[in-house]
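Residue numbers (the numbering used here): 23 to 207.
For reference, the structure discussed in these notes is given below.
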C-alpha cells in the first residue's frame, strides 16, 4: 500500500492484473490472527496518515475511496448499535428490532458473497453457511480498526507513541514454527 500510493502520487499508474495470485497464510491461532489484523489495520491507518494529503492532490478518486473506508470504520459502531437504538426510541420489542437489523445486514452481506462464490467457483451453500463467521470477523476487524485509528491518526501525530514500526508476521510464535526453525538451523 505504501509503495503503491507513493508511486501513484508520483504520477505512475497502478494496473490490475486479473491473473495475479497472492498466497495467504490463514491464522493458525488467535495470537496470529491478532497480529495479522493489527498489522493490516495499523498499516492502513499509517498509510492514510502519511499519504492522504498527496492522494487528495494527485489521486482524488483513490482519496475518496480511502475516506469512505475511514467513514465506514467510524460509523460501524453506530450500525452495530442500531437494534438497541431502534428498541430504545420506538415501541418495537428488542427482538423485532434485532430481526429487522439482521434482515438488513443479510441484504448487504449476501450479494457480495454470492458474487464471490460464483466467481471463484465455490459451493454456494458452504459460503452462505459461513455468514456467522463474517460477522465475527467484522467484529474483530472493527476493534483493531478503531485501535489503529486512535494510535496512528491521533496518538502518533501528538507524538504520544511511535505507532506501527514492526510488521510482525507472527509465525515464529507458534510451536510448529519454532520446531521448524530449530530443525532448519
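Each residue gets a CB set at the ideal place from its N, CA and C atoms; glycine is no exception.
Integer-rounded CB distance, given that residue j should sit under 8 Å from residue i
| i | j | result |
| --- | --- | --- |
| residue 64 | residue 174 | 6 Å |
| residue 135 | residue 151 | Actually they do not touch by this definition, with Cβ atoms about 11 Å apart. |
| residue 76 | residue 31 | 4 Å |
| residue 120 | residue 105 | 4 Å |
| residue 88 | residue 166 | Contact doesn't hold; Cβ gap of about 18 Å is too wide. |
Coil, strand or helix - residue i by DSSP
| i | result |
| --- | --- |
| residue 119 | helix |
| residue 45 | coil |
| residue 132 | helix |
| residue 179 | coil |
| residue 125 | helix |
| residue 138 | helix |
| residue 187 | coil |
Residue i - containing alpha helix (DSSP H), residue span
| i | result |
| --- | --- |
| residue 71 | 52-80 |
| residue 24 | 24-31 |
| residue 148 | 146-151 |
Span separating the alpha-carbon of residue i from that of residue j
| i | j | result |
| --- | --- | --- |
| residue 163 | residue 83 | 25 Å |
| residue 27 | residue 148 | 36 Å |
| residue 113 | residue 107 | 11 Å |
| residue 73 | residue 127 | 32 Å |
| residue 115 | residue 123 | 13 Å |
| residue 132 | residue 91 | 20 Å |
| residue 50 | residue 188 | 20 Å |
| residue 85 | residue 184 | 24 Å |
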